[in-house]
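Numbering (my numbering), first residue to last: 279 to 505. Cβ coordinates follow ideal geometry from the N, Cα and C atoms, glycine included. Every value quoted in this text rests on a predicted model; they were computed, and no experiment measured them.
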C-alpha cells in the first residue's frame, strides 16, 4: 500500500516511520511550508492553549516574556513538542478537537479568565469564540504562517500516478486546500487526521475518512485497515 504524506518535510519522517512499522510505503509531497511572523507576546495568562507541533515550536522565542498558570495541549504530539522547549502540559482534552476542548471546559468557570492562543495566522476551529461567549478573554497571536507549496501544472497528478499512490493523507485543513484546490481531480482514497481536516476535504468536493482518535497512530491504523 503506497501512501502519500503531505506534511511539511521536517514532519514527514515522524509519520513515515509509523507507516513503515505497519508495512505501508510512504511517499513525501509537502503541500505547505511554515515560517515565523513578527510577534511579541508578553503578560500573564490563566491558560495557554497549544493546538499543534508548530504552535509549540514557534512559541519558543516568547517563553521568557510570559507567565502561564496552566498549559493546555491538544494531543500527545503537541505535548511532546512543548516538552522539547521545556514547557510541561497541565491539561489535555480526551478528544483532540475544538469539540473536545469545549467538553473539557464545559464545567469550568472561565468568566474573566485570560486564554492565550499562540499559533497559525489562519486557524480552524471555534473554541476561542466559545470561550468569548462564556465571558473569557481569548487572546489570539499569530506566531507563524503557512503557505502552499506550488508545483508545476500536472506535477501532482503525475506524482500520484508514477508512484502508484493508493491513499492520500492530510494532517491539516491548509494542506488539504493547498493540494485539492490546485488539481483537476484525484481518485485515491483520502484519510485525514481528524474531523476538522475531513470537513475541509468534503467542502472541496471529496470524500474522506478519519480515525475516532485524532492522532497519527490511529490515523495509520485506519490506513492499514483500508489496505
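Presumed contact (8 Å Cβ cut-off) between residue i and residue j, rounded CB distance
i, j, result
"residue 504", "residue 468", "Incorrect: roughly 10 Å between the Cβ atoms, too far for contact."
"residue 309", "residue 456", "4 Å"
"residue 331", "residue 289", "7 Å"
"residue 334", "residue 360", "5 Å"
"residue 279", "residue 302", "5 Å"
"residue 374", "residue 492", "4 Å"
"residue 352", "residue 337", "About 14 Å separates the two Cβ atoms, so there is no contact after all."
"residue 379", "residue 395", "Actually they do not touch by this definition, with Cβ atoms about 11 Å apart."
"residue 345", "residue 357", "The pair is not a contact, with the Cβ atoms about 20 Å apart (cut-off 8 Å)."
"residue 382", "residue 369", "7 Å"
Alpha-carbon spacing of residue i relative to residue j, whole angstroms
i, j, result
"residue 434", "residue 425", "17 Å"
"residue 413", "residue 388", "7 Å"
"residue 294", "residue 500", "15 Å"
"residue 313", "residue 384", "34 Å"
"residue 443", "residue 304", "9 Å"
"residue 355", "residue 371", "13 Å"
"residue 287", "residue 401", "21 Å"
"residue 482", "residue 463", "11 Å"
"residue 349", "residue 476", "27 Å"
"residue 439", "residue 498", "22 Å"
"residue 415", "residue 325", "10 Å"
"residue 429", "residue 411", "42 Å"
"residue 458", "residue 465", "12 Å"
"residue 300", "residue 487", "18 Å"
"residue 408", "residue 423", "23 Å"
"residue 311", "residue 427", "6 Å"
When the options are compared against residue i, the one with the closest alpha-carbon
i, options, result
"residue 474", "450, 458, 497 and 321", "450"
"residue 479", "447, 497 and 363", "447"
"residue 285", "319, 409, 466 and 452", "452"
"residue 421", "382, 341 and 373", "341"
"residue 339", "367, 381, 317 and 379", "317"
DSSP three-state assignment for residue i, whether helix, strand or coil
i, result
"residue 486", "coil"
"residue 280", "strand"
"residue 425", "strand"
"residue 475", "helix"
"residue 352", "coil"
"residue 394", "strand"
"residue 440", "helix"
"residue 364", "coil"
"residue 291", "helix"
"residue 445", "strand"
"residue 323", "strand"
"residue 498", "helix"
"residue 431", "coil"
"residue 339", "helix"
Burial state of residue i (16 or more Cβ within 10 Å)
i, result
"residue 315", "exposed"
"residue 343", "exposed"
"residue 321", "exposed"
"residue 431", "exposed"
"residue 418", "exposed"
"residue 471", "buried"
"residue 454", "buried"
"residue 376", "buried"
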